[in-house]
Amino acid sequence: MDSVFRVKRGMTAAVVTAVLVTAACGRDRKSGGSAGDPIVIGVSLPLTGDFSEPGKGIQRGYEAWAKIVNDGGGLLGRQVKLKFLDDASNADRVVSDYEQLIGKDKVALVFGPFSTRLVVPSARVAEEYGMLFVEPAGAAKQVFEQGFKNLFYAAPAVATEHYNLLAKYVLALPEATRPRTAAYASMDDPFAQSTAYGFKAKLEAGGIKTLVNEVYPPNTTEFSGIAAKIAASNADIVVGGSQYQDGVNLIVTLQQLNYQPKLAAFSTAPTEAEFAKAIGNKAEGVLAPTGYTPQSKFPSNVEFVHKYTAQFGGLPGEDEANGYSTGQVVAAAVKAVGCAEQGSCQGKLVAWLHANQVETVVGPLRWDDRGRPQGEHMIQQWVGGKIQIVLPAALKEADLIYPKPAW
Amino acid sequence: MPSGALVFQTVVLGVLLGGLYALLAAGLTLYFGVMRVVMIAHSAFLILAAYLAWYFQLATGLDPLLSLPITVPVFFAVGVAMQRLLLARLQPATRTMMSVLLTFAIAVVIEGALGSLFTGTQHRIQLGYSGASLELLGARVAVVKLLAFAMAAAAMLALYVVMTRSRFGQALRATIQHPEAAKLVGIPTDRVVGYGFGLGLATAAIGGTALALDSTIYPSLHWRWIGPLMAIIVVGGLGSVVGTAIAAMALGMVMSLLQIPLGTTWAQTGFYLALFATLAIRPQGFFGGRLAKRF
Amino acid sequence: MRRGAIVRLAVIAIGAGLVLSFPAAAGDPYMLTVGITIVNYAVLATAWNFVGGFIGYISLGHSALSGLGAYGTALLIAAGLPSFVALFAAAALVALLAVPIGAAALRVRGASFVIVSIALVLILLLVFQSWASLTGGSRGLVVPRPFPGLHRAEHHLVFFFLFAALLAGTLLAWWLIDRSRFGLGLKAIREDEDKSQSLGIPTFAFKLIVFVVSAAFTALGGGLYALWFGDLDPVFQFSVLTGSTMVLMALLGGVRHLFGPLLGAVVVGAALESFKLAYGDTPLHLVATGLLLGGVVMFMPEGVIPALSSLWRRRFGPQEASIREVTAAALLDRARHEPAERVVQEADRTGGGR
Numbered sequence: 027m028d029s030v031f032r033v034k035r036g037m038t039a040a041v042v043t044a045v046l047v048t049a050a051c052g053r054d055r056k057s058g059g060s061a062g063d064p065i066v067i068g069v070s071l072p073l074t075g076d077f078s079e080p081g082k083g084i085q086r087g088y089e090a091w092a093k094i095v096n097d098g099g100g101l102l103g104r105q106v107k108l109k110f111l112d113d114a115s116n117a118d119r120v121v122s123d124y125e126q127l128i129g130k131d132k133v134a135l136v137f138g139p140f141s142t143r144l145v146v147p148s149a150r151v152a153e154e155y156g157m158l159f160v161e162p163a164g165a166a167k168q169v170f171e172q173g174f175k176n177l178f179y180a181a182p183a184v185a186t187e188h189y190n191l192l193a194k195y196v197l198a199l200p201e202a203t204r205p206r207t208a209a210y211a212s213m214d215d216p217f218a219q220s221t222a223y224g225f226k227a228k229l230e231a232g233g234i235k236t237l238v239n240e241v242y243p244p245n246t247t248e249f250s251g252i253a254a255k256i257a258a259s260n261a262d263i264v265v266g267g268s269q270y271q272d273g274v275n276l277i278v279t280l281q282q283l284n285y286q287p288k289l290a291a292f293s294t295a296p297t298e299a300e301f302a303k304a305i306g307n308k309a310e311g312v313l314a315p316t317g318y319t320p321q322s323k324f325p326s327n328v329e330f331v332h333k334y335t336a337q338f339g340g341l342p343g344e345d346e347a348n349g350y351s352t353g354q355v356v357a358a359a360v361k362a363v364g365c366a367e368q369g370s371c372q373g374k375l376v377a378w379l380h381a382n383q384v385e386t387v388v389g390p391l392r393w394d395d396r397g398r399p400q401g402e403h404m405i406q407q408w409v410g411g412k413i414q415i416v417l418p419a420a421l422k423e424a425d426l427i428y429p430k431p432a433w
Numbered sequence: 020m021p022s023g024a025l026v027f028q029t030v031v032l033g034v035l036l037g038g039l040y041a042l043l044a045a046g047l048t049l050y051f052g053v054m055r056v057v058m059i060a061h062s063a064f065l066i067l068a069a070y071l072a073w074y075f076q077l078a079t080g081l082d083p084l085l086s087l088p089i090t091v092p093v094f095f096a097v098g099v100a101m102q103r104l105l106l107a108r109l110q111p112a113t114r115t116m117m118s119v120l121l122t123f124a125i126a127v128v129i130e131g132a133l134g135s136l137f138t139g140t141q142h143r144i145q146l147g148y149s150g151a152s153l154e155l156l157g158a159r160v161a162v163v164k165l166l167a168f169a170m171a172a173a174a175m176l177a178l179y180v181v182m183t184r185s186r187f188g189q190a191l192r193a194t195i196q197h198p199e200a201a202k203l204v205g206i207p208t209d210r211v212v213g214y215g216f217g218l219g220l221a222t223a224a225i226g227g228t229a230l231a232l233d234s235t236i237y238p239s240l241h242w243r244w245i246g247p248l249m250a251i252i253v254v255g256g257l258g259s260v261v262g263t264a265i266a267a268m269a270l271g272m273v274m275s276l277l278q279i280p281l282g283t284t285w286a287q288t289g290f291y292l293a294l295f296a297t298l299a300i301r302p303q304g305f306f307g308g309r310l311a312k313r314f
Numbered sequence: 004m005r006r007g008a009i010v011r012l013a014v015i016a017i018g019a020g021l022v023l024s025f026p027a028a029a030g031d032p033y034m035l036t037v038g039i040t041i042v043n044y045a046v047l048a049t050a051w052n053f054v055g056g057f058i059g060y061i062s063l064g065h066s067a068l069s070g071l072g073a074y075g076t077a078l079l080i081a082a083g084l085p086s087f088v089a090l091f092a093a094a095a096l097v098a099l100l101a102v103p104i105g106a107a108a109l110r111v112r113g114a115s116f117v118i119v120s121i122a123l124v125l126i127l128l129l130v131f132q133s134w135a136s137l138t139g140g141s142r143g144l145v146v147p148r149p150f151p152g153l154h155r156a157e158h159h160l161v162f163f164f165l166f167a168a169l170l171a172g173t174l175l176a177w178w179l180i181d182r183s184r185f186g187l188g189l190k191a192i193r194e195d196e197d198k199s200q201s202l203g204i205p206t207f208a209f210k211l212i213v214f215v216v217s218a219a220f221t222a223l224g225g226g227l228y229a230l231w232f233g234d235l236d237p238v239f240q241f242s243v244l245t246g247s248t249m250v251l252m253a254l255l256g257g258v259r260h261l262f263g264p265l266l267g268a269v270v271v272g273a274a275l276e277s278f279k280l281a282y283g284d285t286p287l288h289l290v291a292t293g294l295l296l297g298g299v300v301m302f303m304p305e306g307v308i309p310a311l312s313s314l315w316r317r318r319f320g321p322q323e324a325s326i327r328e329v330t331a332a333a334l335l336d337r338a339r340h341e342p343a344e345r346v347v348q349e350a351d352r353t354g355g356g357r
């Protein structure tokens with residue numbers, strides 16, 4: 027008995043020592059690769075699951091960026107290579123993906139994933155490994171309240187500001203026709219809620235009364251209860267803090283109850299190509315904010331739209347543009363600082379972006395100390411069977427229809 | 020204070036929802052009756068049927084209701100096969116527990132297979148009459164919801180007729196009430212139990228098609244159904260089809276009304292509170308008889 | 004000294020050595036996170052096995068308890084407690100909460116118990132999604148780092164050893180109960196609840212106590228995960244699937260054995276992780292999990308350890324006359340508790356080496 031114990035104790039001690047020694051020296055490995063190798067950029071995206079549609083859009087944007095960069099001779103004279111992992115829209119998985127990309131694959135740079143829900147956990151991984159983290163989709167307030175120093179959002183405006191132009195328009199309507207009441211329904215999702223509540227705050231400040239304010243969890247499919255309340259309130263405005271399918275379901279249920287608002291604004295859903303058909307081709311007059319239009323005249327956008335169309339055979343949407351602009355932001359920093367590898371280089375990239383403005387396909391971007399962009403979103407509306415820019419006046423493709431025709 | 024119109028509207032919606040719950044819970048309670056098995060995969064088969072209806076409409080362009088002549092017999096056969104090949108082979112001593120795990124595993128396999136085939140993206144059948152509605156005493160009733168309710172009611176009626184009027188139904192009820200005695204009087208209980216299982220799964224085929232008419236579907240949706248359904252069969256008394264139907268209508272109605280003051284999510288918790296309360300006060304359920312007590 | 008004891012000590016020594024040398028062998032921080040995940044699984048599966056193994060009640064709802072532990076820890080930190088004080092305070096609170104939960108759930112047996120355990124997870128999911136002002140709703144909750152400023156690789160290293168320590172504690176507690184009179188009473192309940200009640204065992208109190216112990220360790224596992232991972236999402240915290248993974252691991256390894264759940268966690272955890280690495284996190288891994296669970300339930304409900312040892316005995320030991328009438332685990336138990344028979348077996352084995 028004694029001998030066994032002694033052996034065991036000795037073994038354990040030896041093992042522990044070995045562990046501590048190896049663990050201590052195991053961490054000094056260099057990463058990044060040398061001059062001739064491609065620059066590997068790691069990305070985790072929701073290619074399956076709830077966010078797979080926008081996730082694939084972002085992926086196309088990243089791929090278009092990589093192709094255009096490589097066709098033009100690469101970055102710092104090296105080709106860029108994207109390594110995609112699929113996080114299945116799963117927060118647990120996205121962390122493990124970035125863990126793998128940074129810790130195991132030793133990628134030189136990382137790009138962000140899609141959806142605020144996934145951006146926050148993955149940004150923490152990047153932050154704690156000291157990596158620059160430019161992301162195409164984490165627009166909600168919450169993202170910028172975590173104290174991240176390495177995070178930059180590569181789109182024109184944070185979610186709470188998306189409806190600014192529409193709020194201004196509504197509150198400037200003549201007294202006689204101005205709406206007086208509003209109903210809000212939002213998914214319990216940081217992005218969707220931020221858009222709806224940003225709008226709500228501005229309308230309430232302008233004296234428009236809130237009659238209904240409902241929140242539903244992601245993956246809700248039954249909207250009868252919420253729709254019944256909205257219809258019973260007969261509010262002038264209905265605002266949906268939606269992703270895609272929930273917005274469609276809510277609208278269909280509202281149609282079933284024959285509720286006819288004067289103004290209907292939904293985030294994300296109306297910008298999808300399938301939208302009109304999904305709600306029975308009664309989309310006329312539905313509003314949505316957007317950060318991008320292929321028609322915009324920013325210098326790099328013309329090249330992007332042209333080459334994107336050649337590569338994928340169709341016009342890029344907002345997700346594709348945000349993916350592309352993420353690439354542009356990182357590339358600008360890499361060119362200016364002259365390095366792309368893990369380690370101290372990342373800190374220099376971060377510092378450069380905090381101090382400079384970058385020209386992108388969604389316009390010139392600059393950031394405050396928390397990585398919030400300082401631009402403005404446009405407002406689109408379904409007019410004459412297709413979705414068109416109606417605000418701001420300078421960029422409009424059609425006149426805003428108010429009040430909304432019946433659906 | 021909610022307006023009278025809103026309350027009436029909600030009551031109508033509650034009745035329509037309760038009808039679908041009743042049909043699905045009837046299947047669940049049938050499995051329990053014939054075999055003392057809690058069939059976790061019931062709602063997964065429900066979603067599977069909804070996917071089949073959706074895919075049928077997508078592939079053929081025909082009305083999803085026309086998929087029923089295919090799915091109902093197929094589901095019946097799958098139910099019989101599942102009972103004969105899997106559940107009947109579990110050791111009787113631990114069958115109740117192990118059958119839960121086994122059907123749970125089947126549910127997960129179905130969810131994973133649907134996810135692999137159709138991705139996790141949400142789908143919804145697009146019908147010409149999706150947004151159409153009828154006026155009923157001041158309440159608006161969607162045509163699709165009415166259709167789903169009619170299907171559920173017809174299926175319940177058919178189930179009732181089969182159970183009470185046919186020789187098979189008699190054998191089935193005898194087997195539920197006393198398997199040993201049923202065997203003694205010459206009823207081939209093994210086969211009857213298998214058919215009972217098939218019948219239960221056939222309700223999932225009808226329910227799934229009804230569900231697909233008016234709801235968005237995605238692979239993990241079945242978790243949202245199994246909880247309320249389990250609550251209904253416990254409240255109604257495990258094994259009692261009539262009790263289940265009453266409990267389903269009552270709970271469907273109460274949850275619909277609770278949505279007005281509480282909102283959708285909190286109202287859902289009502290199902291579970293009813294479940295816990297039932298087990299605390301009257302574990303055999305409110306309409307269950309001898310059978311529920313024995314277990 | 005008995006051969007069994009030596010074997011057991013050797014297993015423990017080798018196991019401890021393997022666990023402790025893992026970080027060095029892992030090589031990079033990513034592999035370390037895989038290791039942490041598996042040890043976390045092992046903690047949860049062993050904690051589950053207090054209920055599943057001792058009294059034979061299959062709970063699919065243990066993720067409710069780990070989720071409560073995780074959220075409890077996060078909320079207590081937000082209320083101002085230091086991280087690790089919050090961890091233990093949360094576990095104590097969950098144990099307290101487990102008294103009424105257990106009292107309600109353990110009143111019913113069989114299918115109703117499973118229904119209640121699933122309902123518990125589903126209702127907590129709804130509550131934690133809806134009560135946004137407290138729990139952050141569907142947006143989730145961020146848990147502050149217990150060691151701020153630590154490089155991520157070091158953070159993982161620290162937590163690997165913390166999880167290993169928790170695993171050792173959980174195993175020790177299970178082993179102590181297994182050897183006690185209390186444990187004997189519990190096992191009597193597992194074999195025949197009505198008979199053991201008529202023999203004077205306070206079955207309800209015994210079941211409740213062991214349920215509370217199980218809840219406390221499960222909550223510790225969940226809370227430590229919260230401290231390590233940093234983000235809580237109600238959908239993943241209160242997931243019936245997580246609960247079923249615990250069941251799968253424990254069943255696969257063998258619920259009647261101290262190291263059964265640990266073995267199951269290593270096998271299933273490693274399989275799931277390598278599956279994810281090879282095929283990504285596609286829904287296919289759900290199919291794999293489901294098939295594995297179904298296979299275990301159908302073909303070896305007693306777990307790998309009894310299945311292998313009975314195979315071993317059938318191949319190399321004396322032939323059992325009626326192998327189908329007695330479960331493999333019961334045979335093993337008998338062999339363990341009856342040294343006389345064991346001696347005969349040993350003699351047989353050495354004598355008749357076929």
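For the protein sequence lines, the chains are A, B and C, in the order given.
Residues 27 to 433, numbered by my numbering, are exactly what the first sequence covers, in order.
Residues 20 to 314, numbered by my numbering, are exactly what the second sequence covers, in order.
Residues 4 to 357, numbered by my numbering, are exactly what the third sequence covers, in order.
Heads up, the beta-carbon is just placed ideally off N, CA and C, and yes, glycines get one too.
The structure presented is a predicted model; accordingly, all values stated were derived computationally and were not measured.
Q) Quick one: what does DSSP say Tyr60(C) is sitting in, helix, strand or coil? A) Coil.
Q. So, using beta-carbon positions, are Gly164(A) and Ala222(A) closer together than 8 angstroms?
A. At a Cβ-Cβ threshold of 8 angstroms, Gly164(A) and Ala222(A) do not count as neighbours.
Q. Where Asp234(C) and Arg150(A) are concerned, what is the direct C-alpha to C-alpha distance, given to the nearest angstrom?
A. Taking the straight line joining both Cα atoms gives about 10 angstroms.
Q.
I want to verify the contact list: residues of chain C whose CB lies under 7 angstroms from the CB of Ser122(A), in sequence order.
A. At a C-beta separation below 7 angstroms, Ser122(A) has these neighbours in chain C: Thr36.
Q | Exposed unless 16 or more other CB atoms sit within 10 angstroms - verdict on Glu344(A) | A | Result: buried.
Q. Got a sec: is the Cβ-Cβ distance from Arg11(C) to anything in chain A below 8 angstroms?
A. Not closer than 8 angstroms to any Cβ of chain A, the Cβ of Arg11(C) fails to qualify, so no.
Q) Since Met182(B) is in the alpha helix (DSSP H), which residue starts that stretch and which ends it? A) It spans 162–184 - the alpha helix (DSSP H) in which Met182(B) sits, taken as one unbroken run.
(Q) Using only the alpha-carbon positions, how far apart do Val146(C) and Lys198(C) sit? (A) Taking the Cα positions, Val146(C) is about 48 angstroms away from Lys198(C).
Q) Closest by CA to Val128(B), which one among Thr292(C), Arg259(C), Gly113(C)? A) Of the candidates Thr292(C), Arg259(C), Gly113(C), the one whose C-alpha sits nearest the C-alpha of Val128(B) is Thr292(C).
Q. Roughly how many whole angstroms lie between the Cα atoms of Thr74(A) and Lys82(A)?
A. Rounded to the nearest angstrom, the two C-alpha atoms are 9 angstroms apart.
Q) Comparing the C-beta of Gln407(A) with each C-beta of chain C, is any distance below 8 angstroms? A) No, Gln407(A) does not count as interfacial toward chain C.
Q. The stretch 220–239 of chain A: which residues have C-beta closer than 8 angstroms to a C-beta of chain C, in chain order?
A. Within the stretch 220–239 of chain A, no residue qualifies.
Q.
Do Ile305(A) and Ile277(A) count as a contact pair if the criterion is CB distance below 8 angstroms?
A. Yes.
Q. Got a sec, what are the start and stop residues for the alpha helix (DSSP H) Tyr285(A) sits in?
A. DSSP places Tyr285(A) in no alpha helix (DSSP H); its state is neither H nor E.
Q) chain A partners of Gly225(C), CB-CB under 8 angstroms? A) Residues of chain A with a Cβ closer than 8 angstroms to the Cβ of Gly225(C) do not exist; the shortest Cβ-Cβ separation is about 14 angstroms.
Q | Nearest-angstrom Cα separation, counted from Pro216(A) out to Arg142(C) | A | So the two alpha carbons sit approximately 6 angstroms from each other.
Q. Quick one: which chain B residues come within Cβ less than 9 angstroms of Arg110(C)?
A. Using a Cβ-Cβ cut-off of 9 angstroms, Arg110(C) is close to Leu298, Ala299, Pro302 of chain B, given in chain order.
Q | Selected residue, minimal CA-CA separation from Phe123(B), among Ala101(C), Ile121(C), Val258(C) | A | Selection Ala101(C), Ile121(C), Val258(C) evaluated against Phe123(B) yields Ile121(C) as nearest (Cα-Cα).
Q) Using a C-beta to C-beta distance shorter than 9 angstroms, which residues of chain A count as neighbours of Pro32(C)? A) Within 9 angstroms Cβ-Cβ: Arg53, Glu125, Ile128, Gly129, Lys130, Tyr155.
Q.
Going by C-alpha to C-alpha distance, which of Ile245(B), Val163(B), Gln110(B) sits closest to Asp82(B)?
A. Taking only the C-alpha atoms, the option nearest Asp82(B) is Val163(B).
(Q) Can you confirm whether the stretch 33–40 of chain C touches the stretch 189–198 of chain C when touching is taken to mean that 3 or more C-beta pairs between the two stretches lie within less than 8 angstroms? (A) Judged by Cβ distances under 8 angstroms, the stretch 189–198 of chain C makes no contact with the stretch 33–40 of chain C, as fewer than three pairs qualify.
Q. Is Asn239(A) helix, strand or coil by DSSP?
A. Three-state result, Asn239(A): strand.
Q) If Phe116(C) sits next to Val216(C), beta carbons under 8 angstroms apart, how far is it from one beta carbon to the other, in whole angstroms? A) Their Cβ separation, rounded to whole angstroms, is 17 angstroms, which puts Phe116(C) and Val216(C) out of contact at 8 angstroms.
Q. Should Gly173(A) be labelled buried (16 or more other beta-carbon atoms within 10 Å of its own) or exposed?
A. In the assembly as shown, Gly173(A) is an exposed residue. Its beta-carbon has fewer than 16 other beta-carbons within 10 Å.
Q) Would a check of beta-carbon distances place Leu296(C) closer than 8 angstroms to chain B? A) Closer than 8 angstroms: yes.
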